[in-house]
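Numbered per my numbering, the sequence shown spans residues 38 to 637.
C-beta atoms are modelled at their ideal positions from N, C-alpha and C, and glycine is treated no differently.
Below is one structure, written out as C-alpha cells, with a few remarks after it.
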Amino acid sequence: MKKLTKLATIVILLLGVLIFMSQSGMLSTRRLNQQALICDQIPSGYAQLLSEQIPSLQISQDPRKFLQHVKSGQESYVLVEDARIESRLDAGLPGYFTPHYLSTIVMVIPLNSQVDIQSITDLKNSGANLFFPDTHKTRILPAMALALGETDRLNAAAALLSELKQQDRLIIGLNSDDYISRINDNTIALMPDDEAARLILSGLPLRMVVPIDGTLSYVVGLYSPSSRVPPILINPDDLVEAGFRALDGNANVALYPSPGQYDAAQRATTMENYPLLAHDAVKVFRRRILGTHLLIPADGSDRVLLNIPLALLVVFWGVSLFWRVVDHRVRRLLQIQTALLLLWLLNLVLKQSSDLMTTRYLWYLYYLPLLGSCLILALISLYIAGAPEQDRRRLQLVFILPSALFITLVLSNDLHQGVFFFPAGLPQYDPYTHVAGFYLMAFWMAFLLFSGFLRLYRNAGIRKKGQYIVLLSLLIGLVIGYNALYVAGVQGIRQTQTGTFHIILILLFWELTLRSGLIPYNRYYRMLFQFSRLPLFLIGNDGAVSLTTTGAESLPLEVDAGIRKGDRLFYSPGDDERSLGPDYEAAKISEGFVVWKNDL
Numbered sequence: 038m039k040k041l042t043k044l045a046t047i048v049i050l051l052l053g054v055l056i057f058m059s060q061s062g063m064l065s066t067r068r069l070n071q072q073a074l075i076c077d078q079i080p081s082g083y084a085q086l087l088s089e090q091i092p093s094l095q096i097s098q099d100p101r102k103f104l105q106h107v108k109s110g111q112e113s114y115v116l117v118e119d120a121r122i123e124s125r126l127d128a129g130l131p132g133y134f135t136p137h138y139l140s141t142i143v144m145v146i147p148l149n150s151q152v153d154i155q156s157i158t159d160l161k162n163s164g165a166n167l168f169f170p171d172t173h174k175t176r177i178l179p180a181m182a183l184a185l186g187e188t189d190r191l192n193a194a195a196a197l198l199s200e201l202k203q204q205d206r207l208i209i210g211l212n213s214d215d216y217i218s219r220i221n222d223n224t225i226a227l228m229p230d231d232e233a234a235r236l237i238l239s240g241l242p243l244r245m246v247v248p249i250d251g252t253l254s255y256v257v258g259l260y261s262p263s264s265r266v267p268p269i270l271i272n273p274d275d276l277v278e279a280g281f282r283a284l285d286g287n288a289n290v291a292l293y294p295s296p297g298q299y300d301a302a303q304r305a306t307t308m309e310n311y312p313l314l315a316h317d318a319v320k321v322f323r324r325r326i327l328g329t330h331l332l333i334p335a336d337g338s339d340r341v342l343l344n345i346p347l348a349l350l351v352v353f354w355g356v357s358l359f360w361r362v363v364d365h366r367v368r369r370l371l372q373i374q375t376a377l378l379l380l381w382l383l384n385l386v387l388k389q390s391s392d393l394m395t396t397r398y399l400w401y402l403y404y405l406p407l408l409g410s411c412l413i414l415a416l417i418s419l420y421i422a423g424a425p426e427q428d429r430r431r432l433q434l435v436f437i438l439p440s441a442l443f444i445t446l447v448l449s450n451d452l453h454q455g456v457f458f459f460p461a462g463l464p465q466y467d468p469y470t471h472v473a474g475f476y477l478m479a480f481w482m483a484f485l486l487f488s489g490f491l492r493l494y495r496n497a498g499i500r501k502k503g504q505y506i507v508l509l510s511l512l513i514g515l516v517i518g519y520n521a522l523y524v525a526g527v528q529g530i531r532q533t534q535t536g537t538f539h540i541i542l543i544l545l546f547w548e549l550t551l552r553s554g555l556i557p558y559n560r561y562y563r564m565l566f567q568f569s570r571l572p573l574f575l576i577g578n579d580g581a582v583s584l585t586t587t588g589a590e591s592l593p594l595e596v597d598a599g600i601r602k603g604d605r606l607f608y609s610p611g612d613d614e615r616s617l618g619p620d621y622e623a624a625k626i627s628e629g630f631v632v633w634k635n636d637l
C-alpha cells in the first residue's frame, strides 16, 4: 500500500504539473497543422475566402464563440473580436491578431413589420417582442448599456430585459439561427450585423437598423497563437462581395444600412469600462434576467472564489488525518482521497479557460475522483473488517480492475462514445446522452459504495454513534437523488456546479464516517484509554503527563524522575529483592512514554 500511495501521489502531481504547463504556455502543445476555427453564424463566403488564401487549410465551424477558444492549442487561426484579444496580447499572450471586417450590434426587423423602432430605448414602449441570442450576451449587454446611458454598469440593460421578460416579450435563443423559427411581424432581434447579413443572404425578408442612441462595433479577425504561421490577408473588396463590412466601412448597401447610420456606433475597444461590462454580463444575464444561479457560481470568477476556500478546507482536512487516524493503511487511502479532491478542484479551475477538446477531457476526468472515492471506501472497509491477507489482496484486485476499466472507458469515450453519446458530433460535448457504459459504471459505483458502507457498519461494534449514522444515511440518499435527477436532465439540477457539489458531499461523507465511529480514529482510542480499569499514563519527552486513565492515582515522583534517567522498571519500596515484580513499567513511544501500574 505504501508503494501504491507513492505511485498515486507521483502520478497526480505529474498530471497537475503537465496540465499547468500546458495551459500556461510553458509546455507548447500547438501543432502547426493549418487549422482554423470560425463561427458558423457568419456569411459562408468567409470560409471560402480563407481557403483561397491557404488551399490546405482545414476549417472547423462552431455555433458558439467562447473566450476559451482563444486559448486553443490545436488551431493555427481562431476567429475572435478585437475587444477580446487585444488586451490579452498586450498582457503577454503569445501570437498576433489579423483584422478582417467590422461587426456592429444592430436591430433586425422583418420587412413587413409595422414596428417603428429606431433605438434601444424605444424597445420598452414599442410593444414588439425581442429575440436575444444567448451566445452574444457579452457583446449585446454592454451595447445596450451604452445606448441607455450607462457606461460603467449593466443595471439599466438588465432592468429593460427583465421587464420585457415579465411581459412575455423576451425570447432567448442560443444564436442567430434560432431567430429563423421565431420570425414574425412583431418580433425583432438584436445581433451582430454580419450574422444578420447571413440571414438576409439566405433569402429571409429582413432589414437592419443601427440604434440611434448608441451601439458597439467590433473588429473581427483571426488570432494566431503562433508567430510561425503566416497571416491571412483578404482583399477588402472580396469581403464586401461575400457579405461583410470592410474595415473602412464599405459594405453592400443591399444588405447593410447606409454608412451614415453607423455614426452612432462606438468601437468597443474605446469604451473605457467595456472589459468590466463584458466580464459582468454573464453573471447579470443569468441572475437578473434568467433568474438562475442565485445561490451558486454564475461565472468563472465566482467559481474561483469558491474553489480557493474549498481547496484550503480539503488541505486542512487531509493534514488533520495525520493525528486523527491511527491505522496507517487507512490514513494513506484517505490521503489519496484528499489528493483526488484537490485534482478535481484543479480540474474545475482549468476547465474555465480551456478549448472545446480540452474541456471535454477535463469533464471526462471528473469520473476519476468520483469513482476513486467509491473505490477507496471499499478498500478501507477491507482493512477495517480485518479480512485475512490473502482474501484481502484477492478482493482488492476484484475492486481495482473493473474500476480501472471503467475509467479507461470514460477517458477513451471519443473513440467509441459508449459512455456518453454526442448527437451533434465531436468536438461538441453538449448536448449529450448517457448510454450503456455510463449505467454500468454507475451500477459499479453504487456497488462499491453500499458494500463498503455495510462492511464498515457491520464491523463498527460499540463504536457506532446513532446520530451520525442517520446523517450519513441521509447524505448517501442525497447523493443518489441528486445524481438521478442530474442524469434525468432536470434543469434546476443541471444548472448547479456538480463538481463543486460532489467535492463538498464527499468531504462531508468522510468526516461523518469518522465521527460516526465506522472508521476508528484517535478520539475513539482516547476514550478506550481513558476508561481503562488499569492505571495508565501518557508522558511526553519533557516529563509532562498528557493523559491518564479515569481514577488513576498521581504518578510517583521517583517514577517520573526515573523515566527521564532511562529507567523502565520501578519496584515497590521495601522490595529490595524484587520478588514481587515491577510495580510500574514504562515503554518508549513516539514523542514520549506510556507508563502503567501492574495490577496483581
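Is it right to say D127 is buried, meaning 16 or more other beta carbons lie within 10 angstroms of its own, or is it exposed? exposed
Give a yes or no on whether the C-beta atoms belonging to I556 and V367 are separated by under 8 angstroms. yes
Using the three-state DSSP reduction, which class does F281 fall into: helix, strand or coil? Of the three classes helix, strand and coil, the one that applies to F281 here is coil, per DSSP.
Are there 16 or more other CB atoms within 10 angstroms of the CB of S93, so buried, or fewer, so exposed? Exposed, by the Cβ-count rule.
Helix, strand or coil for G328? Go by DSSP, reduced to three states. In this structure, G328 counts as coil in the three-state DSSP scheme.
F480 versus L416: straight-line alpha-carbon distance, rounded: 17 angstroms
DSSP three-state assignment for T587, whether helix, strand or coil: Three-state DSSP puts T587 in coil, outside helix and strand.
When the Cα atoms are used, what is the spatial distance from L438 to V363? Rounded to whole angstroms, L438 to V363 spans 28 angstroms at the Cα level.
Who are the near neighbours of A16 in its chain, counting only those whose CB is closer than 7 angstroms to its CB and skipping five residues on each side? Limits of the chain in this structure are 38 at one end and 637 at the other, which puts residue 16 out of reach.
Classify S81: buried if its beta carbon has 16 or more other beta carbons within 10 angstroms, exposed otherwise. exposed
Output the boundary residues of the alpha helix (DSSP H) element that contains S88. G82 to Q90
8 angstroms contact criterion, which R431 and L419 should meet: CB distance rounded: About 10 angstroms; that fails the 8 angstroms criterion.
Length of the line joining the Cα atoms of F458 and Q98: Between F458 and Q98, the C-alpha separation is close to 20 angstroms.
To the nearest angstrom, how far is the alpha carbon of N692 from that of G629? Because residue 692 is not part of the residues shown, which for the chain are 38 to 637, the question remains open.
Buried or exposed, going by whether 16 or more other CB atoms sit within 10 Å of the CB of H453? Counting Cβ neighbours within 10 Å, H453 comes out exposed, since fewer than 16 surround it.
Buried/exposed call for K625, threshold 16 Cβ in 10 Å: exposed
Is it buried or exposed, Q427, if we count other Cβ atoms within 10 angstroms and call 16 or more buried? exposed
Tell me whether G409 is buried or exposed, calling it buried when 16 or more other Cβ atoms sit within 10 Å of its Cβ. buried
Hey, quick one: how far does the alpha helix (DSSP H) through E123 stretch, first residue to last? D119 to D127
Close Cβ partners of Q374 (< 7 angstroms) along its chain, the five nearest in sequence each way excluded: Closer than 7 angstroms at Cβ, skipping near neighbours: S410, I413 and W547.
Kindly indicate the opening and closing residues of the alpha helix (DSSP H) around A184. K174 to A184
Determine the direct distance from the alpha carbon of V524 to that of V472, and round the result to whole angstroms. 11 angstroms
In this structure, what does DSSP give as the bridge partners for F538? BP columns for F538 are empty, so no partner.
Taking the CB atoms as reference points, tell me whether S242 and L211 lie closer together than 8 angstroms. Residue identity differs from the one stated: residue 242 is Pro in this sequence, not Ser. It is not a contact, given that the beta carbons lie outside the stated cut-off.
L486 versus K388 - alpha carbon distance: 28 angstroms
Alpha carbon to alpha carbon, how far is I530 from G518? 10 angstroms
Is the segment 113-123 close to the segment 254-265, with three or more CB pairs under 8 angstroms? yes
When the Cα of M228 is compared with those of Q151, A521, Y216 and S239, which residue comes out closest? If you compare the alpha carbons of Q151, A521, Y216 and S239 with that of M228, the shortest gap goes to Y216.
Pick out the complete alpha helix (DSSP H) segments inside the segment 225-311, 4 residues or longer, and give them in chain order. 230-238 and 273-279
Neighbourhood of I220 by C-beta, 8 angstroms cutoff - its chain only, sequence neighbours within 5 removed: P147, L241 and L243
Would you kindly check if the distance between the Cβ of I208 and the Cβ of M144 is under 8 angstroms? no
For L551, the nearest candidate out of W360, I540 and E590 (CA to CA): W360
Which two residues bound the contiguous alpha helix (DSSP H) that contains V524? G503 to A525
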